[in-house]
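Quick notes on the structure that follows.
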């Protein structure tokens, strides 16, 4: 059975995140990068330019003047939002294909929901900048995409076993494939140079272990994952995993907050759709 | 997909009745004397702190009636107390209240009591909603805080960007500066290389000219000597032709060398006092003979406002005038040639003068005027053949005049003649400066001695030629073939003058001259040299070289020579040098003072 690394090596030979996305990610992490550097990269991708301009000119930003230059748009959007925009743009193309056992499209919907929920929780409940958890959300199941392309048969086997209640998804994957998507995803995104917080959240999003920091990216991702699953925006249909007790306790304490988040989710999703997916 | 609710998501984790429980608590707090019961939509019964006993059939009837009714429905508790039920759609649940109200109280809808109770329930509902509102508000506040943080970060980012840009600009400026420095250094180096190459070229030209002049020396000298031997008319004619051809070849070599020097920027004008009238007269005199043969009159005139002695390069001025007059002579068959120097104006202490050479020759067509100043060009292709010449002369004149601070131009009319002219500033020579040559000559005249000459020359042909020429001038000649041999001669014999070739094997002329000067300066050494110990003045040494360049002449003087003569040796020049350097009285008869 292939290891996560082997699966990944074959995958990266075939497909990589668009150059633009990797470059932008690196720029965000580099203190010495300037707006001009972003502009240089982004202007190579006309679709991205269009989206970026639409983003900053959307009511969300509420600017009085129309922004028409890339550099200005970058300034208004901020580097992280820009990175997320690029990541969404780059990843969406990978989430394609649909069949009974594995639907990449449904996975995309799941990822988007988790990302939006995670962003909401981070901002509304913990008062944290939600861009990193958003990225973690959008990217956390990338390992499944890799597996789908590299070891599709085995993945379908694992999905079937999971649906039939023969263990957790991770266990089923390990049995059928020899690796699991959180490991594969972690290795892949490590190569892309994402922030450490995001990397470990991806690695541990199915891990059952005592929660140290309820407000951490990993916890938020787990909460969002749980909620999205309950809403049937699941990655792979099957039983929803239990929330760790610390997180259950947290939800009990913040019932009103979560009620509001659930109430506002449809609106936020519509907004995200507008920002990230609006057609021409 | 149906809209997800909190309950559908968190039902596993959280007691769905928790909300009802909290409402119950709020309501109990508002109605301290009442007993309250809450029945959820699912039929779950929640008891308050003060239990209200109600049998199930009664409770179920009350719930059903309350759900159907709009307002309160009445009932009786197990203890016989009156109780009232109402359906709250917001929860949703039915609330059953028993309070210490009088039996006769009015429970009809709209009564004071029902309104009061209804308001109390609404208040409880609102209090519970308030919790949500507070949470909502808190979430908004947090989000606003994030936006503020983001705003602050944006400003920080922008400031950082600004600083980065500044740093980059500085870096760029620094790079630019170092790049400029680097390029400047490279340019300098390239310049040095070019100068070296140019120097090599000059050296090559100098060597070439030397190599060419040496055989020319022999050709001119010997054809001159030949023409002086008894010859048949035909032979004499051939000899003259050889002489003339050699002379024109020599002038061509000189022209090419001059042009090369000018183009290399190597030509520097002298600044010495000279007699302008003498130069002009000399030029005119040069053309007197060919003019007479052609029947053309050569005249010259200098404005009397122009000072007699001026500062400048007489040789180069002469060269220009000879060139222009030579051209005039070449293209003029009748009439006259005038060499004129006119006063134009005085400016900054200098006299701006106009030199012109006017002829009555064939003239130059207007469209060819520009071309004649080009190298190797004459007024038309056929002219070259008919009148001869390389066309280098005017190109050289043009450049020389430019160096003098003027511009050579021409006015011409076909069939009537041409006037070549240039306007240059002339500076009057200060009275106290007397020509060095004159000074030397004057000094020499007083020192009288014999008429023995030592010729130091390595080339056998040149030895013979120079010997013959010097002998003809009436001097005794001794020959040495290099510097070392010359020193040997001086050890044993007395000479009045030394002709010293510069380029020789073993010890060259410069080195030999330096040696001689060293010996002269050392009283002890001097005693060993018969030719030097008796002399009161330094031995007269005239350099002989085929190098016609200015710097060669300077090098000769620097090594200690007193005179300089270029090869090929021209009889007239030799005579002039000898008359300048040798005492008047010196001749073979008087060499022995006895």
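Chains as they are written, first to last, in our numbering: chain A, 293 to 572; chain B, 41 to 634. C-beta: ideal position from N, C-alpha, C; glycine also.
Is the beta carbon of residue 541(B) sitting closer than 9 Å to the one on residue 549(B)? yes
Bridge partners for residue 134(B) per DSSP, in chain order? 79(B), 127(B)
Using a C-beta cutoff of 9 Å, does residue 478(A) count as contacting chain B? no
I'd like to know if residue 549(A) contacts chain B, where contact means its C-beta is closer than 9 Å to some C-beta of that chain. yes
So which of 357(A), 436(A), 559(A), 536(A) has the shortest CA-CA distance to residue 389(A)? 436(A)
Under 9 Å between C-beta atoms, does residue 294(A) make it to chain B? no
Rounded separation between residue 97(B) and residue 104(B) - CA only: 11 Å
Proximity winner among 337(B), 158(B), 395(B), 390(B), relative to residue 374(B) (alpha-carbon distances): 337(B)
From the DSSP output, which residues share a beta bridge with residue 580(B)? 537(B)
Have a look at residue 101(B) and residue 530(A) and give me their C-alpha separation to the nearest angstrom. 43 Å
Looking at residue 99(B) and residue 74(B), is the spacing between their C-beta atoms short of 9 Å? no
Environment of residue 310(B) [buried if 16+ CB atoms lie within 10 Å]: exposed
DSSP beta-bridge partners of residue 518(B): 494(B)
Stretch-stretch touch, CB-based, cutoff 8 Å, three pairs: the segment 448-458 of chain A with the segment 530-547 of chain A: yes
Can you confirm whether residue 345(A), when its beta carbon is compared against all beta carbons of chain B, has any partner nearer than 9 Å? no
Can you list, in chain order, the residues of its chain whose CB lies under 6 Å from that of residue 521(B), leaving out five sequence neighbours each side? 498
Would a check of beta-carbon distances place residue 61(B) closer than 9 Å to chain A? no
Which term fits residue 336(A), buried or exposed, when burial requires 16 or more other beta carbons within 10 angstroms of its beta carbon? exposed
Counting only beta-carbon separations shorter than 9 Å, does residue 312(A) have a partner in chain B? no
Are any of the Cβ atoms in chain B nearer than 9 Å to that of residue 426(A)? no
For the beta strand (DSSP E) containing residue 382(B), list its first residue and its last residue. 376-387
Give the interface partners of residue 188(B) over in chain A, defined as CB-CB distance under 9 Å, in chain order. Those do not exist, as residue 188(B) stays about 11 Å from chain A at its closest Cβ, beyond 9 Å.
Can you give me the start and stop residues for the beta strand (DSSP E) that residue 106(B) sits inside? Looking at the DSSP string, residue 106(B) is not in any beta strand (DSSP E); the run it does join, the alpha helix (DSSP H), is 96-108.
In its own chain, which residues sit with a C-beta less than 7 Å from the C-beta of residue 506(A), not counting the 5 before and 5 after it? 538, 539, 542
For the beta strand (DSSP E) containing residue 342(B), list its first residue and its last residue. 337-342
Please report the straight-line C-alpha distance between residue 383(B) and residue 463(B), rounded to a whole angstrom. 10 Å
Just the Cα atoms here: how many angstroms apart are residue 258(B) and residue 501(B)? 7 Å
So what's residue 482(B) in DSSP terms, helix, strand or just coil? At residue 482(B) the pLDDT is 42, less than 50, meaning the model places this residue with poor confidence and gives no usable figure here.
Check whether the segment 329-346 of chain A touches the segment 365-383 of chain A, taking contact to mean three or more Cβ pairs, one atom from each stretch, closer than 8 Å. yes
Shorter than 9 Å from the beta carbon of residue 130(B) to some beta carbon of chain A? no
Whole angstroms is fine: what's the gap from residue 355(B)'s alpha carbon to residue 210(B)'s? 58 Å
Here's the rule I'm using: 16 or more other beta-carbon atoms within 10 Å means buried, otherwise exposed. How should residue 79(B) be labelled? buried
Residue 72(B) to residue 522(A), Cα distance in whole Å? 41 Å
Mind checking who residue 312(B) pairs with in its DSSP beta bridge? 352(B)
Whole-angstrom C-beta distance between residue 497(A) and residue 486(A), which should lie under 8 Å: Not really, about 14 Å apart at Cβ, beyond 8 Å.
In chain order, what residues of the same chain lie with their CB nearer than 8 Å to the CB of residue 283(B), ignoring the 5 residues before and after it? 260, 263, 264, 267
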